[in-house]
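Quick note, the sequences are listed as chains X and Y, same order. The first sequence stops at residue 378 when you use numbering that gives the first Met the number 0, and every number in between is there. The second sequence stops at residue 394 when you use numbering that gives the first Met the number 0, and every number in between is there. For glycine and all other residues, C-beta sits at the position ideal for the given N, C-alpha and C.
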Amino acid sequence: MALALTDEQRLLKQTAEDFFSSKAPVKQLRMLRDKRDPDGFSRAMWQEMAALGWTGIAIPEEYGGSDFGFFGLGLILEAAGRTLAATPLLSTVVLGASAVQLAGTAGQRQSILPAIAGGKLIMALALEERPHHAPLQIATKAARTAAGYRIDGSKTFVLDGHVADRLIVVARTAGQPGDRDGITLFLVDGTATGVARSRTVMVDSRNAARIELNGVAVGNDAVLGEVGRGAEILEQVLDLGRIGLAAEMLGSVSEVFERTVKYLKERKQFGVPIGSFQALKHRAAEMFCEIELAKSAVLESLTAIDEKRNDLPQLASLVKARLGDTFFLVSNEGIQMHGGIGMTDEAEVGFFLKRARVAQQTFGDAAFHRDRYATLEGF
Amino acid sequence: MQQLEKFREETRAWLEQNCPASMRTPMVDDEVVWGGRNATYKNPDGKLWLDRMAARGWTTPTWPKIYGGGGLTKEEDRILAEELRRLRARPPLSSFGIWMLGPVLLEYGSEEQRREYLPKIVRGEIRWCQGYSEPGAGSDLASLQTKAVDMGDHYLVNGQKVWTSYANYADWIFCLVRTDPQAKKHEGISFLLIDMTTKGVRTAPIRLISGSSPFCETFFEDVRVPKQNLVGKLNQGWTIAKRLLEHERSMISGIGNRQGGQDRSLEALAKHYAGERDGRIADAALRERIVRHKMDGRAFALTMRRAAEEAKSGAGPGAASAMFKYYGTEQNKRKFEILVASLGSQALGWEGDGFAADELAVTREWLRSKANSIEGGTSEVQLNVIAKRVLGLPD
């Protein structure tokens, strides 16, 4: 219920901020980009995060996690967003672990959750097939075979897709693209025969992949949840992903805003700091208000996950739309207020602009979520 | 925890017993209880409700008991507010004394002043108005020119105030006056309390674009004010003035989330007046405006709640009140623009039979809402305050 942080939460937030600013400052992302690192993230750092218990923070103790809850995970994601740290937190800990917890059989949980908590397994959600988020527009087919299913289709914008050990493939066992019924989730090995993965180099230098599925054969035990009823689980998992991503975006927004305000105080023109000009002051003050609202929405939606509230879909859309808009505004203003310096690759503000657009497109942009919110509210 | 639950039970039982049935219906404009020496009660239950709540100090739940307040803790106050909401109870008293003057008297007033004025505010016996703006001192409030000259046993006040809300109904005015014309403009201002019945005080209502006249001009001509009516120290009134503005901003900022007059939601009105298709508002552009407004409103309400939780109890609202004033009033203006857009030409009537009473109310309230981002410091002034006091940007 509370929106103010407890001491324990404050400590975790501080620990996470210290961790990412020392282990993964923006220059680490620049280095991964410039040397064309094949993994696109630091596996060594991922192990350190696992050792700190962060990979298992939302996983029950019986599966090797700490069950600290989503609120804590949100604080870590926010800290990661401050430095644009490239990690598989979203794909693996938020999406992968949640899907398995929500829908997995005892066996699936046992084989996957402890491995995630231990930092030994990376997962990815192979969902999108179009340039815009459309969770029901699934054409990928899973046809019944004697031993299980054969999956054919192609996926795009799969976050961490090329490094994932295990994929959750959203496929259709019945119906047409657009139908809610007939969607089924499958656990597919990243290196299974017929899976062709190619990394797509994105503007934000983070990981995404195209995945072709050509006659991929899986057994019945690969089905995650109920056959034909995958849309329900998918929606719940996506809402967690939207909220988790919003928490990460909040960190990025806060960082780029603080850097911009600092620059307004330092940069002099006409003999005075440019931050003394009212044209810039008012825009900075407006951004401050938008960010305060964003912060409240993030804290409320993280709380709502842990409290299992039934207005979670509304809150997920509220927070993803708001952070999409706010990150868009603050990253654009960040560039403009840094002037020519902001256009250089050397200044890091451009990294935030690029990340803002990728994050905006991930799991639905602001327009998608306003439409969804209105629909959920009955108008 | 148990104590709080007990408090909730007792409060609920008392409210059930004591809140008159007609005070549990939506407020109507001419039944708002402002109190004062000349108060009239169109609905006698209004007086009953006020007296019962005031007897417990619950018109000002957190003020100390020695001044007539309820002496409640922050948690108890929250529970009382929740229980009042549960009954949909009307506020027993609307008062600039409660919202603005009282908090600064608690902070800056002398013990004598607190004992004299606070209990009367609690009981709604004195209605206050605010003497801040002048014809030449709006956003640049500190350039005010109304003079108070030290005459030994009293101050002699001459000058003019403007936008004094309800001055024509008020019993007393809290007033900013210049007591040192030689000093720098922020350093020669004092904070005075003046009885409106004093010889030489005159008010004249100002007719606004909405057709109503909530504001007045107030004139002071050789008005004698006893020296004990000075609050705080001589020439240090600006500090008090700014603090009072913070309270005023907090008061105004809640406005965006009030369900001003309409029983039906924005989306229900839009469906009714602009059409509905497959359960949706038919006009996609209007639907987009409404959903944006509602989502912003929800995030804003969460932010007000978070600020209340984060505030150390007893601390004033601080610079963040500028954000709430700015965002809340802009949000309220957007709400009325959406209402006018939704109702179409039915929101554009002025009077007469062609329009329902609630349609005419939308028209007038839309016009009234334009003042929200001007009164209590313009939106531009609020942005200046945020830039300077929150973000630390240089002058």
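- Against chain X, a Cβ distance below 8 Å from Met0/Y picks out nothing, because the smallest value is about 14 Å.
- Chain Y places a beta carbon closer than 9 Å to that of Lys280/X, counting this residue as a contact.
- Residue burial is scored here from C-beta neighbours: Phe323/Y has at least 16 other C-beta atoms within 10 angstroms and is therefore classed as buried.
- Below the 8 Å Cβ cutoff, chain X contributes no neighbours of Gly67/Y, its closest Cβ being approximately 31 Å away.
- In its chain, beyond the 5 residues on either side, Arg363, Leu366, Arg367 have a beta carbon closer than 7 Å to the beta carbon of Ser209/Y.
- Listed by position along chain X, the residues whose Cβ is nearer than 7 Å to that of Arg297/Y are Leu317.
- Straight-line spacing of the CA atoms in Asp17/X and Leu71/Y works out to 41 Å.
- Taking the Cα positions, Ser320/Y is about 55 Å away from Ala221/X.
- DSSP lists Arg165/X as the beta-bridge partner residues of Met122/X.
- By the Cβ criterion, the segment 64-78 of chain X is not in contact with the segment 35-42 of chain X, since fewer than three pairs of Cβ atoms, one from each stretch, lie closer than 8 Å.
- Under a criterion of Cβ atoms nearer than 9 Å, the residues of chain X adjacent to Tyr325/Y are, in order, Ala284, Glu285, Cys288.
- No Cβ-Cβ contact shorter than 9 Å links Phe362/X with Val162/X.
- If you draw a 10 Å sphere on the C-beta of Phe269/X, you find fewer than 16 other C-beta atoms in it, and that means exposed.
- For Ala386/Y, the nearest CB of chain X lies under 9 Å from its own CB, placing it at the interface with that chain.
- Within the DSSP bridge table, the entry for Ser189/Y names Val176/Y as partners.
- When secondary structure is reduced to three states using DSSP, Pro272/X falls in the strand class.
- Nearest neighbour of Leu11/X by Cα position, chosen from Ser20/X, Arg369/X, Ile75/X, turns out to be Ile75/X.
- Residue nearest to Gly227/X within the set Val236/X, Gly218/X, Asp178/X is Asp178/X (criterion: CA-CA distance).
- Beta-bridge annotation (DSSP): Tyr107/Y is not paired with any residue.
- Nearest CB-CB separation between Tyr372/X and chain Y: below the 9 Å threshold.
- Contact check for Met26/Y against Arg84/Y fails: the beta carbons are separated by 9 Å or more.
- Per DSSP, Val156/Y is one residue of the beta strand (DSSP E) stretching across 153-164.
- Taking a Cβ-Cβ threshold of 8 Å, the residues of chain X close to Asp394/Y are Ser275, in chain order.
- In chain order, Leu342, Gln345, Ala346, Gly348 place their CB closer than 7 Å to the CB of Glu358/Y, counting only its own chain and leaving out the 5 sequence neighbours on each side.
- Interface annotation for the segment 288-312 of chain X against chain Y: Cys288, Glu291, Leu292, Ala293, Lys294, Ser295, Ala296, Leu298, Glu299, criterion Cβ-Cβ distance under 8 Å.
- Between the segment 125-138 of chain X and the segment 104-117 of chain X, the count of Cβ pairs shorter than 8 Å is below three; the stretches do not touch.
- 9 Å or more divides the Cβ of Leu244/X from the Cβ of Ala298/Y.
- Taken through DSSP and simplified to helix, strand or coil, Ile232/X comes out as helix.
- Annotation: Gln335/X to Asp6/X spans about 37 Å, alpha carbon to alpha carbon.
- Of all alpha-carbon atoms in Asp277/Y, Gly353/Y, Leu301/Y, the one lying nearest the alpha-carbon of Gly377/X is that of Asp277/Y.
- The C-beta of Phe378/X comes closer than 9 Å to at least one C-beta of chain Y.
- Beta bridge pairing from DSSP links Leu223/X with Leu184/X.
- A distance of 9 Å or more separates the beta carbons of Val99/X and Leu124/X.
- When the five nearest sequence neighbours on each side are left out, the beta carbons in the same chain lying within less than 8 Å of the beta carbon of Gln359/X are those of Gly323, Phe326, Phe327, Ala365, in order along the chain.
- In this structure, the straight-line span from the alpha carbon of Thr343/X to that of Val200/X is close to 20 Å.
- With respect to the C-alpha of Asp194/Y, the residue from Glu186/Y, Gly137/Y, Val222/Y, Arg7/Y having the closest C-alpha is Val222/Y.
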